[in-house]
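Chemist: With UniProt numbering as the guide, the letters of the sequence shown map in order to residues 1 to 186.
Provided herewith is a single structure, encoded as structure tokens, for subsequent inquiry.
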Amino acid sequence: MVLLGSFLVVATALLAGSCSSGNEDSSSSTTSAGDKVTTTTKNPYGADIEVDPPAPGESVLTVTGPAGEKTYSLEQIEALGPQTVTINEPFVNKKQTFTAVPLEALLTPSGLTGSQMIDTTAINEYEYSNTAQSFVDGGALLAYELNGKPIPYDQGGPVRIIFADDAPGASNLDAWNWSLNSISAQ
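Below you can see the structure in the form of structure tokens.
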């Protein structure tokens with residue numbers, strides 16, 4: 001448990017954007033006066049350090065509702081029926097391809113349905129609440145891969161809520177919860 005606690009401290013700092021490792025992409029050019037100019041491009045999600053991905057079988061999400069608590073590893077989430085969706089990712093303003101499952105596939109087994117109010121909470125304690133039905137009707141997806149690879153923590157992984165461009169919930173940016181840790185009944 002100490003390892004998990006240490007991880008959460010590192011991951012929380014990472015998501016808050018307060019850590020920097022200096023591993024930034026940069027490019028150089030020379031001006032007409034001969035001055036060298038370096039342009040730094042940071043991770044578009046705000047974090048500059050890498051965190052190891054979850055180990056195989058490691059729990060990445062806990063869903064708690066009237067039917068009990070269920071924990072999910074990336075492999076268990078993938079088994080729920082993946083779909084690939086390419087979206088205009090609003091936080092980085094570019095097209096990205098995610099592999100995801102409908103969020104409903106995680107809500108229903110725990111009894112989170114209809115007008116049940118639920119909280120989605122990230123590892124940095126960001127919380128968004130709405131009804132289970134709002135997530136389902138809004139087209140919420142739980143993404144676990146970005147461009148065919150696990151989503152790094154510094155890019156909102158290992159799991160995050162996304163919406164297809166044409167989904168009713170896509171414009172509610174508050175619902176796009178990154179590095180999701182838990183979903184629970186209110």
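Beta carbons: idealized from backbone N, C-alpha and C, even for Gly.
Predicted model, so just to flag it, every value in this text is computed and none were measured.
Once you ignore the five residues that flank Thr99 on each side, which residues in its own chain have a CB closer than 6 Å to its CB?
Modeler: Here residue 99 refers to the residue found at position 99 of the sequence shown. Once the five neighbours on either side are set aside, the close Cβ partners of Thr99 are Pro82, Thr84, Glu145.
Chemist: Name the residue from Pro158, Ala143, Glu89 whose alpha carbon lies nearest to the alpha carbon of Pro53.
Modeler: For this step, residue 53 is matched to residue 53 along the sequence shown. When only C-alpha atoms are compared, the closest one is Pro158.
Chemist: Within its chain, find whatever has a CB closer than 7 Å to the CB of Tyr126; leave out the 5 residues flanking it on each side and keep chain order.
Modeler: Start at 1 with the first residue of the sequence shown, and residue 126 comes out as number 126. Excluding positions up to five away in sequence, the list reads Asn177.
Chemist: Rounded C-beta distance between Pro109 and Leu173? I'm assuming under 8 Å.
Modeler: One-based indexing of the sequence shown puts residue 109 at position 109. One-based indexing of the sequence shown puts residue 173 at position 173. In fact, because the Cβ distance is near 27 Å, the residues do not count as touching under 8 Å.
Chemist: Of all the alpha helix (DSSP H) runs that stay within the bounds of the stretch 61-119, which reach a length of 4 or more residues?
Modeler: As far as the stretch 61-119 is concerned, its whole alpha helix (DSSP H) runs of at least 4 residues are 74-78, 104-107.
Chemist: When the Cα atoms are used, what is the spatial distance from Ile151 to Met117?
Modeler: Within the sequence shown, residue 151 is the residue found at index 151, counting from 1. Within the sequence shown, residue 117 is the residue found at index 117, counting from 1. Cα to Cα, the separation comes out at about 27 Å.
Chemist: Report back the beta-carbon spacing between residue 212 and Val101 to the nearest angstrom; my notes put them in contact at under 8 Å.
Modeler: The first residue shown for the chain is 1 and the last is 186, placing residue 212 beyond what the model contains.
Chemist: So is Thr71 buried or exposed if we call it buried at 16+ other beta carbons inside 10 Å?
Modeler: Counted from its first residue, the sequence shown places residue 71 at position 71. That one is exposed.
Chemist: So is Glu104 buried or exposed if we call it buried at 16+ other beta carbons inside 10 Å?
Modeler: As a position in the sequence shown, residue 104 is number 104, starting the count at 1. Glu104 is buried by the Cβ-count criterion.
Chemist: According to the Cβ coordinates, are Gly139 and Gly114 closer than 7 Å?
Modeler: Within the sequence shown, numbered from 1, the residue matching residue 139 stands at position 139. Within the sequence shown, numbered from 1, the residue matching residue 114 stands at position 114. No; because the gap between Cβ atoms is not below 7 Å, this pair is not in contact.
Chemist: If I'm right that Ile183 touches Val60 with Cβ under 8 Å, what's the distance once you round it to whole angstroms?
Modeler: The residue labelled residue 183 in the question sits at position 183 within the sequence shown. The residue labelled residue 60 in the question sits at position 60 within the sequence shown. Ile183 to Val60, Cβ: 12 Å. No contact.
Chemist: With burial defined as no fewer than 16 other Cβ atoms inside 10 Å of the residue's Cβ, what is the status of Asn147: buried or exposed?
Modeler: Your numbering for residue 147 matches position 147 in the sequence shown. The residue in question, Asn147, is exposed, as its Cβ has fewer than 16 Cβ neighbours within 10 Å.
Chemist: Please confirm whether Thr86 and Lys95 have their CB atoms less than 7 Å apart.
Modeler: In the sequence shown, the residue the question calls residue 86 occupies position 86. In the sequence shown, the residue the question calls residue 95 occupies position 95. The answer is yes: Cβ separation under 7 Å.
Chemist: So, helix, strand or coil for Ala132, using DSSP?
Modeler: Within the sequence shown, the letter at position 132 stands for residue 132. Of the three classes helix, strand and coil, the one that applies to Ala132 here is helix, per DSSP.
Chemist: Given that a residue counts as buried once 16 or more other Cβ atoms are within 10 Å of its Cβ, and exposed if not, what is Ser179?
Modeler: Here residue 179 corresponds to residue number 179 of the sequence shown, with the count starting at 1. Classification for Ser179: buried.
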